[in-house]
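What follows is one structure encoded as structure tokens, with my remarks underneath.
Following this line, the structure appears as structure tokens:
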């Protein structure tokens, strides 16, 4: 009987009823013979309410105190959850991040986990308790100050504890049924995946999928902790995220137009067992999109060594994370080139300021800021051995009348930037072109026909 | 330049405006050249809201988890207060009870402080910070669990820190102007005391005065920490509670009818400097009342050794604190006696249950429960050398037509139990009889005429 780490998000414990429902689910797991460690987020809007309060007393809330404030949220939910479990006749103890041994660096508001020393959790489990742990928080190694882990922190807490406790699985309970081939709000025919590989999930997470954050998946992959993303409302099996598909896994049935003309399927049927590894691994996991970014173009940069470096050093010094970077071949006549990059809209103002300051040194012509953009990404580990994928992707966009502004690729991902209004039709077109739609007539995989 | 500990209650930090007002007051103290440690309670109704939530998920909230839950309240207020201070351009750091070194026993919901090791507070002060500490909470010595100190816990935290840090004064900021000679809601002519001795304050606190709790005063007396109780709203000087009156202290002007007939004052005027110690110390500090208790009478107890002990063992085993105990002389004919005692109404049901169970062993006749009672107490260290006080007290009650049901005395206090409806006229009569009314024509103290 193994150890299970379960994580419940704020929407699952939004009120007393939610907490009681979650308590019953936890007790069911315990009754199933498992040791259970539960990581819980703050209730519903608690964190937002605390942020509001902070802004009322101080326009620029300070790091250390802001963390102290925010961690009150999980303290409330974890204590209530422990009480609700005890009320069902089972023993439970709650632990703050610090008590659970979540040791971090000292970067307030976005600390990183350095070590996990869950001695108290282990003791509590050995004594027959269900352990409830505050997500999103830890204690700094040097100063012993309370820290928070930033966005997606609770998921990361759960995976980190699962790794430190050598758990069988880390179950992430959320308000959706799992990971889908595209955002179901955009693509009605999007399908829930039964399984997705870590590396595909990493690409989806970094290109707009909100279900799991990159950081949490990265941690899970490093320590090889299978994640099971599932709904705390429906109780249905969700999506497994791991290195290898679970036993008995059958890849999604899909239709795949392998040629330029759409509609004509080719290849073998899914679920056949030809012993071909590429048959087991879906070529395309899904289509993600992201409309939270803006694009900055630095116009007329002298095309000589070091200029790009100076630009991105200015951005880095302002502590801004950028995403895609594209530089075109310079025009021979002028010796000038344009450099474009994307970044979160929320950082746009800061970046423009930093670049304007740097203009004296870099001597570019001008800056252009554009926040009416969207990014569409196609992700799948299978694509690295399937050159047809790129062609099909661009054809689908072209057929949908979508103009492409920037392109960036990794081994298992293609991303394009378009006008923001084109995002929805683009995602739908690509999802359909790769046979991911759920009511497809043909059940065909691309795998057998690749290369 | 000394160290000042300030404590702000929940009503002082009920909202963002309150927090900002308190922050300005703290900064003013700091600017005055003091090192400042601030103990803060949870905002306004936060604690009650958390208790509500707990009751929604579990009818009997568990000790350890309940403490974990409640301590979230101070975590919020202390972090916000630190932010507000930083926003005024001063450095501040907040500390949980655990971080501040408040070490307690393991009795959840009403832990007692065992030790205070404020190393981190000292460091923060030495680095120029204002230290903000969560009131009401600590960490248990053996299990390292979060504990709460129960009622009045924040005041006790403040005094304990003041003692551990060797502070000049512990300022308790509240929503009243200080300690009054009686509850101003009952006695319009009640006066604010400039100073009151620890021992008188202890008696007032244990007999119904709500301004300071017994426990906090006891702690302050043991470590000889002067307390200054004052309003966080008015900023006026409040009441000093200490061993000796502050330099320049003038006792309250008061009229004191020394004889049975009321109205005729006798004795010397207040403020005269005859070098008589009893002149400096007011005979009567004030009149307190308490309507939160009930009375239980055990009727027909066999008057033989050990019966009373058995009764109070049964009560003690149920962890019920009792207040007054009265046993009458037994009737010679029956050899039976009645034992009455008072206790908090909230414990009444539990006590009746415990006694009913004990009836088989103790063989009393019956139990009577009465919650329509009130207690009036007259407190003053001077009374132990002034035998006329008791007589004047009972005459005042008699003149007001108040019937007395129980009497209990200490060296510096007389308490009586009456019908609850008699409490208000009784307090007014006694307050007036001892010349405590503020607009008295005569300025006379009893001190010079005693014995």
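Residue numbers (my numbering), protein chains in the order written: chain Y, 741 to 1191; chain D, 741 to 1191.
Yeah, the Cβ is synthetic: ideal placement off N, Cα and C, and Gly gets one too.
Among the bridge pairs identified by DSSP, residue 748/D is matched with 780/D and 913/D.
Close partners of residue 759/Y in chain D (Cβ separation under 9 Å): 793, 796 and 797. Residue pairing from DSSP places residue 1108/Y in a beta bridge opposite 1037/Y. Ranked by Cα distance from residue 806/Y, the options 834/D, 773/D, 1094/D and 789/D are led by 834/D.
Any Cβ of chain D closer than 8 Å to the Cβ of residue 787/Y would place that residue at the interface, and such an atom is absent. Contact check for residue 1082/Y and residue 1062/Y: beta-carbon distance about 7 Å, within the 8 Å limit, so the pair qualifies. Under a 10 Å Cβ-count criterion, residue 937/Y is classified as buried, with 16 or more other Cβ atoms of the shown protein chains found around its own Cβ. Straight-line spacing of the CA atoms in residue 1130/D and residue 933/D works out to 22 Å. Below the 9 Å Cβ cutoff, chain D contributes 816, 819 and 820 as neighbours of residue 790/Y, in chain order.
Within the same chain, Cβ atoms closer than 6 Å to the Cβ of residue 1156/D are found at 1116, 1144 and 1147, the five residues on either side in sequence being excluded.
Residue 1042/Y has 1076/Y as its beta-bridge partners, per DSSP. Listed along chain D, the residues sitting closer than 8 Å to residue 811/Y by beta-carbon distance are 815.
Shown here, residue 1030/Y sits in a strand according to DSSP, grouped into three states. Between residue 877/Y and chain D, the shortest Cβ-Cβ separation is not below 8 Å. Neighbourhood of residue 858/D in chain Y, by CB distance below 8 Å: empty, with the nearest CB roughly 14 Å away. Taking 8 Å as the cut-off, the Cβ atoms of residue 957/D and residue 969/D do not count as close. A residue is called buried once 16 or more other Cβ atoms fall within 10 Å of its Cβ, and residue 966/D is buried on that count. Taking CB atoms only, residue 775/Y has no neighbour in chain D less than 8 Å away.
Proximity of chain Y to residue 827/D at the Cβ level (cut-off 8 Å) is accounted for by 797, 798, 799 and 800, in chain order. Taking the Cα positions, residue 849/D is about 13 Å away from residue 875/D. Chain-ordered, the chain D residues with CB closer than 8 Å to the CB of residue 824/Y read 797 and 798. Taking a Cβ-Cβ cut-off of 8 Å, the neighbours of residue 833/D in chain Y comprise 804 and 805, given in sequence order. Distance from the CA atom of residue 861/Y to the CA atom of residue 808/D, rounded to whole angstroms, is 16 Å.
What residue 756/Y touches in chain D, judged by beta-carbon distance under 7 Å, is 793, 796 and 797, going in chain order. Residues 743 and 865 of the same chain have their beta carbon placed closer than 6 Å to that of residue 775/D, with the five preceding and five following residues left out of the count. Note on geometry: alpha-carbon atoms of residue 777/Y and residue 909/Y lie some 11 Å from one another. Taken in chain order, the complete alpha helix (DSSP H) segments of 4 or more residues contained in the region 940-1000 of chain D are 954-963. In terms of beta-carbon proximity, residue 1064/Y stays away from the interface with chain D, with every pair separated by 8 Å or more.
Between residue 933/D and chain Y, the shortest Cβ-Cβ separation is not below 8 Å. Residue-level contact check: residue 808/D touches chain Y, since one or more beta carbons of chain Y fall below 8 Å from its beta carbon.
As the crow flies, the alpha-carbon of residue 747/Y is around 27 Å from that of residue 926/Y. Taking the CA atoms as reference points, residue 948/Y sits about 8 Å from residue 1031/Y. Contact between the region 912-922 of chain D and the region 877-886 of chain D is not established, with fewer than three Cβ pairs separated by less than 8 Å. For the set 1058/Y, 1059/Y and 1052/Y, the Cα lying nearest the Cα of residue 1065/Y is the one of 1052/Y. From the listed residues 1080/Y, 975/Y, 1055/Y and 817/Y, the smallest Cα separation to residue 1040/Y is found for 1080/Y. Runs of the alpha helix (DSSP H) lying entirely within the region 840-880 of chain D and spanning at least 4 residues, in chain order: 859-866.
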